[in-house]
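Enquirer: Line order of the protein sequences matches chains Y and H.
Add 721 to a position in the first sequence, counting from 1, and you land on the number used in my numbering.
Add 721 to a position in the second sequence, counting from 1, and you land on the number used in my numbering.
We put the CB at the ideal spot given by N, CA and C, even for glycine.
From a predicted model like this one, the values you see are computed outputs, not experimental measurements.
Quick one: the structure is below, and I'll ask about it shortly.
Number of protein chains: 2
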Amino acid sequence: MARTTDGNDAPVPQRLLAAATRLFAEQGYDRTSVQEIVEAAGVTKGALYHYFGSKEDLLQEVYSRVLRLQQERLDAFADAQAPVEQRLRDAAADVVVTTIENLDDAAIFFRSMHHLSPEKNKQVRVERRRYHERFRALVEEGQRSGVFSTATPADLVVDYHFGSVHHLSTWYRPDGPLSQQEVADHLADLLLRALRP
Amino acid sequence: MARTTDGNDAPVPQRLLAAATRLFAEQGYDRTSVQEIVEAAGVTKGALYHYFGSKEDLLQEVYSRVLRLQQERLDAFADAQAPVEQRLRDAAADVVVTTIENLDDAAIFFRSMHHLSPEKNKQVRVERRRYHERFRALVEEGQRSGVFSTATPADLVVDYHFGSVHHLSTWYRPDGPLSQQEVADHLADLLLRALRP
DNA sequence: GATGACATACCGACTGGTTAGTCTGCTGGG
DNA sequence: CCCAGCAGACTAACCAGTCGGTATGTCATC
Chain Y
722 MARTTDGNDA PVPQRLLAAA TRLFAEQGYD RTSVQEIVEA AGVTKGALYH YFGSKEDLLQ
782 EVYSRVLRLQ QERLDAFADA QAPVEQRLRD AAADVVVTTI ENLDDAAIFF RSMHHLSPEK
842 NKQVRVERRR YHERFRALVE EGQRSGVFST ATPADLVVDY HFGSVHHLST WYRPDGPLSQ
902 QEVADHLADL LLRALRP
Chain H
722 MARTTDGNDA PVPQRLLAAA TRLFAEQGYD RTSVQEIVEA AGVTKGALYH YFGSKEDLLQ
782 EVYSRVLRLQ QERLDAFADA QAPVEQRLRD AAADVVVTTI ENLDDAAIFF RSMHHLSPEK
842 NKQVRVERRR YHERFRALVE EGQRSGVFST ATPADLVVDY HFGSVHHLST WYRPDGPLSQ
902 QEVADHLADL LLRALRP
């Protein structure tokens with residue numbers, strides 16, 4: 722056996738990232754010391770600084786992982802063959818489900834953005850903007866074709882929906898009365914109902 | 722003249738609170754040192770610890786100020802003499818306006834809650850819950866009387882709306898294309914449209 | 001209306017504790 | 001033999017909160 726220490730068997734970088742994600746979500750980025758992270762991962766600082774350049778790099782890894790995942794999923798739904806109201810509903814519900822499935826990442830994402838250095842923050846904003854615009858394009862498509870109301874600017878509609886997604890990490894509890902899918906259906910429904918002409 | 726030093730003329734405790742609010746919103750609670758706060762307020766640590774028991778007390782003051790203000794305003798709108806759909810719309814739009822007017826407080830509120838000690842956090846949660854329930858009662862009243870759809874549980878409707886309010890501090894810019902009132906009207910409109918039977 | 005007792009408001013040097021990141025060195029597999 | 005992979009002691013910086021000190025004001029007493 723190659724494994725002598727405790728903890729799980731994943732490679733060290735993944736263990737570090739998993740530990741950091743959990744701790745950042747629980748205590749916040751600044752309240753989590755590098756020492757805590759390496760202890761939770763069952764290694765020492767030497768290992769962390771062997772794989773990551775800084776504590777901040779860990780945070781950025783969390784961000785890129787989330788952004789990549791969400792963008793891929795959105796693209797898949799937006800490119801599907803279906804009426805635009807169906808594509809928007811699917812995309813809107815899916816982002817709720819994946820956000821709930823990765824609630825730790827979501828909590829970190831929305832609470833700790835200002836802890837990234839200016840240039841990394843800028844990069845994250847750029848990627849987020851791409852995501853936002855893809856989503857907005859769906860709304861605009863529906864508005865142009867007349868299936869959605871044009872009463873509200875598409876930008877604001879997108880922010881409205883993402884506000885509720887963003888907010889999930891504040892109130893959603895897995896042991897609550899609603900399942901992930903139920904919440905997703907309700908939130909997608911609210912969006913589509915608000916967009917009825 | 723009684724004033725010898727620079728800075729504005731407000732009493733020291735208010736100056737400290739104002740400086741802390743701005744700095745907490747800009748840099749986050751943990752990133753802001755007590756030294757920075759007292760320098761921004763034009764005093765020294767002695768003054769701060771003369772009026773406040775701890776750095777955390779400053780944060781809690783921000784919270785109580787926001788909560789008190791929002792609750793007062795909600796109560797006023799909810800108790801008004803008007804059809805329920807009008808009362809809900811007014812309340813929904815008003816919370817958007819006051820949130821935008823105090824965007825710093827809002828940013829702190831949603832980002833720094835986990836920096837409060839457990840007991841203070843609990844107290845904030847209790848007050849927030851009261852607010853949430855007052856708002857939910859409005860939705861339920863409309864649902865019972867048939868002017869709002871019952872497709873979505875009232876709790877979720879409230880969280881949907883407050884998600885968008887919460888989110889404002891992320892995207893709203895005073896120099897953007899929409900005025901406070903326009904944003905408020907649009908968001909209230911989206912809520913009411915989503916609730917149409 | 002001088003004197004002393006006490007309080008309020010604030011100053012700023014200091015302390016004890018914590019932290020991110022560094023650096024030297026060990027170890028086992030190729 | 002060599003080096004990726006990692007250990008862990010160490011450093012330099014920072015920070016919340018403390019504490020003894022000062023300046024100013026207020027009130028009672030003689």
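I need the straight-line Cα distance from valine 879 of chain Y to histidine 853 of chain Y, nearest angstrom please.
Expert: 7 Å
Enquirer: Rounded to the nearest angstrom, how far is the Cβ of leucine 780 of chain H from that of leucine 744 of chain H, given a contact under 8 Å?
Expert: Wrong, their Cβ atoms sit about 11 Å apart, outside the cutoff.
Enquirer: Could you give the DSSP three-state label for leucine 769 of chain Y: helix, strand or coil?
Expert: Correct three-state label for leucine 769 of chain Y: helix.
Enquirer: Please tell me whether glycine 749 of chain Y has its Cβ less than 7 Å away from any Cβ of chain H.
Expert: yes
Enquirer: Strictly under 7 Å for the Cβ-Cβ distance: is methionine 722 of chain Y near chain H by that measure?
Expert: Any reading at methionine 722 of chain Y is ruled out, since the residue's pLDDT is 36, under 50, leaving its predicted position unreliable.
Enquirer: Could you tell me which uninterrupted alpha helix (DSSP H) segments, each at least 4 residues in length, are contained entirely in the region 785–811 of chain Y, listed from first to last along the chain?
Expert: As far as the region 785–811 of chain Y is concerned, it has no whole alpha helix (DSSP H) run of at least 4 residues.
Enquirer: Assign arginine 771 of chain H to one of two classes, buried (16 or more other C-beta atoms within 10 Å of its C-beta) or exposed (fewer than that).
Expert: Per the sequence shown, residue 771 of chain H should be read as histidine rather than arginine. Exposed is the call here.
Enquirer: Three or more C-beta pairs under 8 Å: does that hold for the region 843–852 of chain H against the region 869–878 of chain Y?
Expert: No, the region 843–852 of chain H is not in contact with the region 869–878 of chain Y.
Enquirer: What are the residues of the region 824–850 of chain H that lie near chain Y, defined by any Cβ-Cβ distance shorter than 8 Å?
Expert: Phe831, Arg832, His835, His836
Enquirer: For the region 750–778 of chain Y, which residues have a CB atom closer than 8 Å to at least one CB atom of chain H, in sequence order?
Expert: Asp751, Arg752
Enquirer: Mind checking if glycine 884 of chain H is an interface residue toward chain Y, Cβ cutoff 7 Å exclusive?
Expert: yes
Enquirer: Can you tell me which of H:His887, H:Ala739, H:Phe869, H:Leu908 puts its alpha carbon nearest to the alpha carbon of valine 805 of chain H?
Expert: H:Phe869
Enquirer: Can you list the residues of chain Y that alanine 799 of chain H reaches, using a CB-CB cut of under 8 Å?
Expert: Residues of chain Y passing the Cβ test: none, with the nearest at roughly 21 Å.
Enquirer: Counting only beta-carbon atoms, is threonine 873 of chain Y nearer than 7 Å to chain H?
Expert: yes
Enquirer: Verify the contact flag: arginine 849 of chain Y, CB atom, against every heavy atom of the ligand FAD, threshold strictly below 6 Å.
Expert: Absence of the ligand FAD from the depicted structure is noted, as is the absence of any ligand whatsoever, leaving it without description.
Enquirer: For tyrosine 881 of chain Y, return the contacting residues in chain H, with the cut-off set at a CB-CB distance below 7 Å.
Expert: Ser885, Leu908, Leu911
Enquirer: Could you check the C-alpha separation between proline 898 of chain Y and glutamine 802 of chain H for me, to the nearest Å?
Expert: 34 Å
Enquirer: State buried or exposed for serine 754 of chain Y, treating a residue as buried only when at least 16 other CB atoms are found within 10 Å of its CB.
Expert: exposed
Enquirer: When you check each C-beta in the region 733–745 of chain Y against every C-beta of chain H, which residues fall closer than 8 Å?
Expert: none
Enquirer: Helix or strand or just coil, what does DSSP make of alanine 731 of chain Y?
Expert: It is coil, neither helix nor strand.
Enquirer: Return helix, strand or coil for asparagine 842 of chain H, following the three-state DSSP convention.
Expert: Asparagine 842 of chain H falls in the helix class under three-state DSSP.
Enquirer: Given 8 Å as the limit, is there contact between the region 759–769 of chain H and the region 817–824 of chain H, that is, 3 or more CB pairs closer than that?
Expert: Cβ pair count under 8 Å is below three, so no.
Enquirer: Would histidine 853 of chain Y pass as an interface residue toward chain H - the criterion being a Cβ-Cβ separation below 7 Å?
Expert: no
Enquirer: For leucine 671 of chain H, would you say it is in contact with chain Y, using Cβ-to-Cβ distances shorter than 7 Å as the test?
Expert: The question about residue 671 of chain H has no answer, for chain H in this structure spans 722 to 918.
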